[in-house]
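Undergrad: The structure follows.
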Amino acid sequence: TIKYLPKDRQHKVAQESLDVFAPLADRLGMAWVKTEIEEISFRILKPKKHAELSHLLNQRVGQAQTYLDTVRKDVSTELGRQGISHEIDGRIKTTYSLFKKLKKNPIDEVYDLIAVRLIVSSKEDCYRVLGILHSLYQPMLQKIKDYISVPKPNGYQSLHTTVITPSGQIIEFQIRTTQMHEYAERGLAASFHYNEQKLNDSYIERRSTELPRNLLWILEMQEAAQRLSSGEASVGGLKLDLFDDRIFVYSPKGDIYDLPEDATVIDFAYAVHSDVGEHAQGAKINNKMAKLSSTLKNGDIVEVLTRNNVKPNSGWLKHVRTTKARQKIRAFLKHSDEN
Numbered sequence: 004t005i006k007y008l009p010k011d012r013q014h015k016v017a018q019e020s021l022d023v024f025a026p027l028a029d030r031l032g033m034a035w036v037k038t039e040i041e042e043i044s045f046r047i048l049k050p051k052k053h054a055e056l057s058h059l060l061n062q063r064v065g066q067a068q069t070y071l072d073t074v075r076k077d078v079s080t081e082l083g084r085q086g087i088s089h090e091i092d093g094r095i096k097t098t099y100s101l102f103k104k105l106k107k108n109p110i111d112e113v114y115d116l117i118a119v120r121l122i123v124s125s126k127e128d129c130y131r132v133l134g135i136l137h138s139l140y141q142p143m144l145q146k147i148k149d150y151i152s153v154p155k156p157n158g159y160q161s162l163h164t165t166v167i168t169p170s171g172q173i174i175e176f177q178i179r180t181t182q183m184h185e186y187a188e189r190g191l192a193a194s195f196h197y198n199e200q201k202l203n204d205s206y207i208e209r210r211s212t213e214l215p216r217n218l219l220w221i222l223e224m225q226e227a228a229q230r231l232s233s234g235e236a237s238v239g240g241l242k243l244d245l246f247d248d249r250i251f252v253y254s255p256k257g258d259i260y261d262l263p264e265d266a267t268v269i270d271f272a273y274a275v276h277s278d279v280g281e282h283a284q285g286a287k288i289n290n291k292m293a294k295l296s297s298t299l300k301n302g303d304i305v306e307v308l309t310r311n312n313v314k315p316n317s318g319w320l321k322h323v324r325t326t327k328a329r330q331k332i333r334a335f336l337k338h339s340d341e342n
């Protein structure tokens, strides 16, 4: 109904929807809701850019459609020959998603304008299909992503691989089970987890079970709401931590930490524990020495080196992305000044 509002009101609602409600839908795993909110808001806020990218997508997709149909047929035939029950369809990148991607990459390096989705019966079949695709086509190794073993923060699970066909065509495949696909499209209410608690002994004994890792962001949301109400944090900080692109990094023991893109070693240290953050001296990233200000990348293995006589200083604030780290550093500095 946004088209019935005055122009200035349209822009306010569209910006708010793009900044808060679309990312929130994404965090709840409601992909189709997120996409609809983004597309409507983007068309209102940047109508010329929306029209330009829509035209570009139509051109690129139109050129690839005929060849893509051949690839889909070949893949479907091979999976059928190997006895793997499957559904196959595709999705075209949205204009807003392309708009964000083009900020980092030129159009010729955007390989997922069209993605082929393969929906199979079991997790085991997902990995079998991945192997079959890599036997048919040359995989781009840096583009293989296993979101089944390590789901996204919103619970999304799928295998992604980008391949090069014999004719030089680059195509992304997404492989998932029916259950994973339903979750990706519609999401699950986080309250299901709490309702399930009522059925177990922990609830009866007044003990709460630990949230699954993919729902830990709900605790972040609760903490952020408390900080907002007390004036300790800004709305900008809330958006930064919860809604930015995320990366996964690992401790040497294999524990997974979910951080915003461009997070540093300091952010990671405070994510592990406040004491680790306060005494951080340096780090090893993938077994190589690194500074506390080093920016982390998806998949990095990070070991924080600590020393008791090391303390946070105001310079650390220039190198943090998470609200938690920033708040902890400021609280430490304030306490030190008072003493």
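To convert a position in the sequence shown, counted from 1, into this note's numbering, add 3. All C-beta atoms, glycine included, are put in the ideal place defined by N, C-alpha and C.
#1: Could you give the first and the last residue of the continuous alpha helix (DSSP H) run that contains Pro26?
#2: Count the other C-beta atoms from every protein chain shown that fall within 10 angstroms of the C-beta of Lys125, then say buried if there are 16 or more, exposed otherwise.
#3: Once you ignore the five residues that flank Ala266 on each side, which residues in its own chain have a CB closer than 6 Å to its CB?
#4: Applying the 10 Å Cβ sphere with the 16-neighbour rule, what's the burial state of Ile332?
#5: Mapping the DSSP letters down to three states, classify Leu8 as helix, strand or coil.
#6: Distance, Cα to Cα, Gln13 vs Ile40?
#7: Would the beta-carbon of Leu139 fall within 8 Å of that of Val78?
#8: Note down, one range per segment and in chain order, each beta strand (DSSP E) of at least 3 residues found wholly within the region 104-145.
#9: How is Ala283 classed by DSSP in three states: helix, strand or coil?
#10: Could you please give the first and the last residue of the uninterrupted beta strand (DSSP E) stretch that includes Lys37?
#11: Going by C-alpha distance, which of Ser339, Gln141, Phe271, Phe102 is nearest Glu55?
#12: Taking one C-beta from the region 122-136 and one from the region 80-87 each time, how about it: are there three or more such pairs within less than 8 Å?
#13: Would you give the residue range spanned by the beta strand (DSSP E) that Ala293 belongs to?
#14: So the alpha helix (DSSP H) Tyr273 belongs to, where does it begin and stop?
#15: Among the candidates Val113, Ser100, Thr165, Asp128, whose CA atom is the shortest distance from the CA of Met183?
#16: Buried or exposed: where does Gln284 fall if 16 or more other Cβ atoms within 10 Å of its Cβ makes it buried?
#17: How many angstroms separate the CA atom of Thr69 from the CA atom of Lys291?
#18: In this structure, does DSSP put Gly93 in helix, strand or coil?
#19: Please confirm whether Ala17 and Leu48 have their CB atoms less than 8 Å apart.
#20: From Thr326, Asp115, Lys107, Ser297, pick the residue whose C-alpha is nearest to that of Ser277; which is it?
#21: Alpha carbon to alpha carbon, what distance is there between Asp261 and Asn311?
#22: Taking a contact to mean a Cβ-Cβ separation below 8 Å, would you say Asp168 touches Pro142 in this structure?
#23: Quick one: what's Gln177 bridged to in DSSP?
#24: What's the call for Asn157, buried or exposed, on a 16-neighbour Cβ count within 10 Å?
#25: Beta-carbon within less than 8 Å of Tyr186's beta-carbon, same chain only, minus the 5 sequence neighbours each way: which residues are those?
#26: So what's Arg249 in DSSP terms, helix, strand or just coil?
#27: Should Thr98 be labelled buried (16 or more other beta-carbon atoms within 10 Å of its own) or exposed?
#28: Between Tyr273, Val307, Arg329, Val113, which has its C-alpha nearest Val166's C-alpha?
#29: Less than 8 Å between C-beta atoms, sequence neighbours within five positions excluded: which residues of the same chain meet that for Lys314?
#30: Report the residue from Leu71, Lys96, Pro255, Ala34 whose alpha carbon sits nearest the alpha carbon of His58.
#31: At what residues does the beta strand (DSSP E) containing Asp258 begin and finish?
#32: So the candidates are Pro50, Asp115, Leu105, Phe271; which of them puts its Cα closest to the Cα of Leu71?
#33: How about His338: is its C-beta nearer than 8 Å to some C-beta of chain C?
#34: Please work out which residues of its chain come closer than 6 Å, Cβ to Cβ, to Val36, disregarding the five sequence neighbours upstream and downstream, and give them in chain order.
#35: Glu81: which of Thr309, Gly257, His137 sits nearest, CA to CA?
#36: I need the straight-line Cα distance from Val268 to Ser296, nearest angstrom please.
TA: So, to answer that:
#1: Locating residue 26 in the sequence shown gives position 23, where the first residue counts as 1. Residue range 25-30 is occupied by the alpha helix (DSSP H) that includes Pro26.
#2: Indexing the sequence shown from 1 puts residue 125 at position 122. Residue identity check: residue 125 is Ser in the sequence provided, not Lys. Its Cβ having fewer than 16 others within 10 Å, Ser125 is exposed.
#3: Indexing the sequence shown from 1 puts residue 266 at position 263. By the criterion of a C-beta distance shorter than 6 Å, Ala266 is surrounded in its chain by Leu299, Arg324, once the five residues flanking it on both sides are discounted.
#4: Residue mapping note: residue 332 aligns to position 329 of the sequence shown, counting from 1. With 16 or more Cβ atoms within 10 Å of its Cβ, Ile332 is classed as buried.
#5: Taking the sequence shown and counting its residues from 1, the one referred to as residue 8 is at position 5. The answer is coil: DSSP assigns Leu8 none of H, G, I, E or B.
#6: Residue numbering aside, residue 13 sits at position 10 when the sequence shown is read from its first letter. Residue numbering aside, residue 40 sits at position 37 when the sequence shown is read from its first letter. So the alpha carbons of these two residues sit roughly 13 Å apart.
#7: Walking along the sequence shown from the start, residue 139 turns up at place 136. Walking along the sequence shown from the start, residue 78 turns up at place 75. In this structure, Val78 lies closer than 8 Å to Leu139 by Cβ.
#8: Segments of the beta strand (DSSP E) lying fully in the region 104-145: 117-123.
#9: Position 280 of the sequence shown, counting from 1, holds the residue named residue 283. Three-state result, Ala283: strand.
#10: Working through the sequence shown from its first residue, we reach residue 37 at position 34. Here Lys37 belongs to no beta strand (DSSP E); instead the alpha helix (DSSP H) covers 34-48.
#11: Position 52 of the sequence shown holds residue 55. From the listed residues Ser339, Gln141, Phe271, Phe102, the smallest Cα separation to Glu55 is found for Phe102.
#12: Touching, per the Cβ criterion.
#13: Residue numbering aside, residue 293 sits at position 290 when the sequence shown is read from its first letter. Here the beta strand (DSSP E) through Ala293 covers 291-293.
#14: Taking the first residue of the sequence shown as position 1, residue 273 is located at position 270. Taken as a continuous stretch (DSSP letters only), the alpha helix (DSSP H) holding Tyr273 covers 268-275.
#15: Counting from 1 along the sequence shown, the entry for residue 183 is found at position 180. Cα-wise, what sits closest to Met183 is Asp128.
#16: Along the sequence shown, read from residue 1 onward, the residue named residue 284 stands at position 281. Exposed is the call here.
#17: Sequence index remark: in the sequence shown, residue 69 carries index 66 (1-based). Sequence index remark: in the sequence shown, residue 291 carries index 288 (1-based). Answer to the nearest angstrom: the Cα atoms are 47 Å apart.
#18: As a working mapping, residue 93 is identified with position 90 in the sequence shown. Here Gly93 sits in strand by DSSP.
#19: Taking the sequence shown and counting its residues from 1, one reaches residue 17 at position 14. Taking the sequence shown and counting its residues from 1, one reaches residue 48 at position 45. Judged by beta-carbon spacing, Leu48 lies within the 8 Å limit of Ala17, meaning their Cβ atoms are closer than that value.
#20: Taking the sequence shown and counting its residues from 1, one reaches residue 277 at position 274. For Ser277, the nearest C-alpha among the options comes from Thr326.
#21: On the sequence shown, position 308 is the one that residue 311 refers to. On the sequence shown, position 258 is the one that residue 261 refers to. Their Cα atoms are separated by approximately 26 Å.
#22: Counting from 1 along the sequence shown, the entry for residue 168 is found at position 165. Counting from 1 along the sequence shown, the entry for residue 142 is found at position 139. It should be noted that the sequence gives Thr, not Asp, for residue 168. Not closer than 8 Å, so no.
#23: For the purposes of this step, residue 177 is taken as the residue at position 174 of the sequence shown. BP columns for Gln177 point to Arg120, His163.
#24: Here the question's residue 157 lines up with position 154 in the sequence shown. Its Cβ being crowded by 16 or more others within 10 Å, Asn157 is buried.
#25: Counting from 1 along the sequence shown, the entry for residue 186 is found at position 183. Excluding positions up to five away in sequence, the list reads Gly32, Gly158, Tyr159, Gln160.
#26: The residue labelled residue 249 in the question sits at position 246 within the sequence shown. Under the three-state reduction of DSSP, Arg249 is assigned to strand.
#27: The residue you call residue 98 lines up with position 95 of the sequence shown. Only buried fits Thr98, as 16 or more other CB atoms lie within 10 angstroms of its CB.
#28: Within the sequence shown, residue 166 is the residue found at index 163, counting from 1. Looking from the CA of Val166, the closest CA among Tyr273, Val307, Arg329, Val113 belongs to Val113.
#29: Counted from its first residue, the sequence shown places residue 314 at position 311. Shown here for Lys314: same chain residues with a beta carbon closer than 8 Å to its own, the five before and five after excluded, namely Glu281, His282, Phe335, Ser339 in chain order.
#30: Taking the sequence shown and counting its residues from 1, the one referred to as residue 58 is at position 55. Looking at the Cα atoms, Lys96 is the closest of the given residues.
#31: Counted from its first residue, the sequence shown places residue 258 at position 255. Run containing Asp258: none; DSSP gives neither H nor E here.
#32: Counted from its first residue, the sequence shown places residue 71 at position 68. When only C-alpha atoms are compared, the closest one is Asp115.
#33: Among the chains in the structure shown there is no chain C, since it carries only a single protein chain.
#34: What you label residue 36 is simply residue 33 of the sequence shown in a count that begins at 1. Taken in chain order, the residues that qualify are Ala28.
#35: The residue labelled residue 81 in the question sits at position 78 within the sequence shown. Restricting attention to Thr309, Gly257, His137, the CA atom closest to the CA of Glu81 is found in His137.
#36: As a working note, residue 268 is residue 265 in the sequence shown. As a working note, residue 296 is residue 293 in the sequence shown. Cα-Cα distance, rounded: 6 Å.
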